[in-house]
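What follows is a single structure, written as structure tokens, with notes after it.
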Amino acid sequence: MANINTVLKNTIKWLFRRKSPAARVLGSGITLITLSLAGDWALAVAYDSAHDSIGFKLSSSEVPEILVFITFAIGVFLVALGVIWLISDAITERKRLSKKVVIPIEQRGLVNTSDDTLSAFAGNQNKGKQVNGIVIDIRDSLTNGAVSNPTKALDKVLGIERSIEERRLQKGADDVEIIYGGIVPVPFAFLTGYLLDDESSIQVVDWNRESSSWGELKSKDDDEKFIVKNVVKNEKSKELVVAISFSYHADIEAIKDTFSGMNLLQLSLMNPRFNNHWSKTKQDRLAYEFIECIKAQLVDGYEKIHLILASQNSVAFRFGQAYDRRNLPPVTIYQYERNQTLKYPWGICIPNRSSSLPTIVKNKQPAAIETVF
Numbered sequence: 001m002a003n004i005n006t007v008l009k010n011t012i013k014w015l016f017r018r019k020s021p022a023a024r025v026l027g028s029g030i031t032l033i034t035l036s037l038a039g040d041w042a043l044a045v046a047y048d049s050a051h052d053s054i055g056f057k058l059s060s061s062e063v064p065e066i067l068v069f070i071t072f073a074i075g076v077f078l079v080a081l082g083v084i085w086l087i088s089d090a091i092t093e094r095k096r097l098s099k100k101v102v103i104p105i106e107q108r109g110l111v112n113t114s115d116d117t118l119s120a121f122a123g124n125q126n127k128g129k130q131v132n133g134i135v136i137d138i139r140d141s142l143t144n145g146a147v148s149n150p151t152k153a154l155d156k157v158l159g160i161e162r163s164i165e166e167r168r169l170q171k172g173a174d175d176v177e178i179i180y181g182g183i184v185p186v187p188f189a190f191l192t193g194y195l196l197d198d199e200s201s202i203q204v205v206d207w208n209r210e211s212s213s214w215g216e217l218k219s220k221d222d223d224e225k226f227i228v229k230n231v232v233k234n235e236k237s238k239e240l241v242v243a244i245s246f247s248y249h250a251d252i253e254a255i256k257d258t259f260s261g262m263n264l265l266q267l268s269l270m271n272p273r274f275n276n277h278w279s280k281t282k283q284d285r286l287a288y289e290f291i292e293c294i295k296a297q298l299v300d301g302y303e304k305i306h307l308i309l310a311s312q313n314s315v316a317f318r319f320g321q322a323y324d325r326r327n328l329p330p331v332t333i334y335q336y337e338r339n340q341t342l343k344y345p346w347g348i349c350i351p352n353r354s355s356s357l358p359t360i361v362k363n364k365q366p367a368a369i370e371t372v373f
């Protein structure tokens, strides 16, 4: 049934599509040729009222041959003109598209997407354009699904800006489009969004685990909102932990143990689930809510933000884009490892000074954090 609906929608769109001037000229020519070659036909128009009766009749036998010939000749001319015009438009469009370059940024980590690459997806979505992809593969930093060498993975992610700039120098700014997608631990997706926040236009896609393919964020906004709750309030602490439950519930008890003594703010959707993120509008709206919640808390003088984000890859990226590096405190976003004794073993500390690079911080024990350079 879904396939039938898709076919019907596409057919209706094609029938009522906006035609180009060249297509209209071609269509007019075909119509004239059809009329001139038609067999016997007749046209009758009549109007009757209480006082008058007006009628008009015309049949093919009454049309002079010279008029039929002229109609046919005009039709042939319009068809030829329309075809030449369409070919010229196609050549012009192809030249225009060939100047465009699409940069797919694919981050591989938790799932092997090499059989369905983001570059292939981008090529199918952007016919005629150049595709010059960037692949950041951090799978060699994972062991049994857990990140064993976050510093090595961080070094790869930090090279993303340089890779984009190298490709951008080969083209004008208006000719470059960026598509981002990945399946990596949340801290790296958040950091990537943070690093690319100045990019004016990025199409964000995500990995559909059900179909094992890339998917666009084009569903409707379901209007879910965050439920905000102050779980722990400690006026002596100048550090705030923000726990966000988007795709699943954040482990609040583990957070309390790891960040003992710190203020804890919880943002939760009513029904966290793995497939609630396919709306770009929803992601943009909730990213704004996230930032506004943090800004509202800053009246208490917090100097550091510790972020726990239970979400899909695209959501983490979008929230990273939204984090204002100039007006918000430094943020450290942590990795959750369910099967380890220490549930939040490490995070990425992102300073709010452009002169300083993000670094890995490791939790040695609850409430004791050591920076690793």
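Per the UniProt record's numbering, the very first residue in the sequence shown carries number 1; after that it's consecutive.
C-beta: ideal position from N, C-alpha, C; glycine also.
Bear in mind that the values here come from a model prediction, so they are computed numbers and not experimental data.
Could you work out which residue in the options is closest to residue i when comparing CA atoms only?
i                : options                           : result
aspartate 284    : Val111, Asp221 and Ile305         : Asp221
glycine 145      : Gly133, Glu166, Arg108 and Val176 : Arg108
glutamate 253    : Gly181, Leu269, Asn124 and Val232 : Val232
arginine 353     : Thr143, Asp140, Asp324 and Gly301 : Asp324
threonine 359    : Asn126, Gly301 and Asn149         : Asn149
glutamate 224    : Pro187, Phe290 and Asn271         : Asn271
phenylalanine 77 : Gly29, Pro21, Ala90 and Lys238    : Gly29
lysine 256       : Pro187, Asp155, Glu289 and Lys343 : Lys343
aspartate 206    : Thr151, Ser260 and Lys280         : Lys280
isoleucine 164   : Thr151, Ile134 and Lys152         : Ile134
isoleucine 202   : Ile70, Ile179 and Glu210          : Ile179
serine 237       : Glu303, Val147 and Asp251         : Glu303
Can the beta-carbon of residue i be found less than 8 Å from the beta-carbon of residue j?
i              : j              : result
glycine 320    : glycine 193    : yes
isoleucine 244 : isoleucine 305 : no
valine 176     : isoleucine 103 : yes
leucine 195    : glutamate 239  : no
leucine 213    : aspartate 116  : First, the amino acid is wrong: residue 213 is serine here, not leucine. Cβ atoms of serine 213 and aspartate 116: closer than 8 Å.
arginine 167   : asparagine 126 : no
methionine 262 : valine 242     : no
Secondary structure at residue i, three-state DSSP: helix, strand or coil?
i              : result
serine 314     : helix
asparagine 132 : coil
glutamine 107  : strand
glutamate 235  : coil
aspartate 206  : strand
lysine 218     : strand
valine 331     : strand
asparagine 363 : strand
glutamine 340  : coil
lysine 256     : helix
glutamate 303  : coil
valine 157     : helix
serine 245     : strand
threonine 143  : strand
tyrosine 323   : coil
serine 148     : coil
leucine 357    : coil
Quick check on residue i: buried or exposed, where buried means 16 or more other Cβ atoms within 10 Å of its Cβ?
i                 : result
leucine 269       : buried
alanine 80        : exposed
arginine 318      : buried
glycine 181       : buried
lysine 282        : buried
alanine 122       : buried
glutamate 235     : exposed
glycine 159       : exposed
alanine 113       : At residue 113 the sequence reads threonine, which differs from the alanine that was named. Under this definition threonine 113 is a buried residue.
threonine 332     : buried
threonine 258     : buried
glutamine 340     : exposed
alanine 73        : exposed
histidine 277     : buried
phenylalanine 246 : buried
leucine 26        : buried
valine 186        : buried
alanine 296       : exposed
Between residue i and residue j, what straight-line distance do the alpha-carbon atoms span, to the nearest angstrom?
i              : j                 : result
leucine 264    : serine 314        : 24 Å
isoleucine 227 : proline 330       : 24 Å
lysine 100     : tryptophan 346    : 40 Å
asparagine 275 : phenylalanine 190 : 19 Å
isoleucine 91  : lysine 218        : 31 Å
residue 378    : phenylalanine 188 : Here the chain covers residues 1 to 373 and nothing more, so residue 378 does not appear.
leucine 110    : valine 184        : 5 Å
tyrosine 336   : lysine 229        : 21 Å
glutamate 106  : glycine 75        : 52 Å
isoleucine 294 : valine 361        : 22 Å
alanine 287    : serine 88         : 45 Å
lysine 364     : threonine 151     : 16 Å
serine 355     : serine 211        : 42 Å
aspartate 22   : threonine 34      : Per the sequence shown, residue 22 should be read as alanine rather than aspartate. Roughly 19 Å between the two C-alpha positions.
serine 141     : glutamate 292     : 35 Å
leucine 67     : arginine 94       : 40 Å
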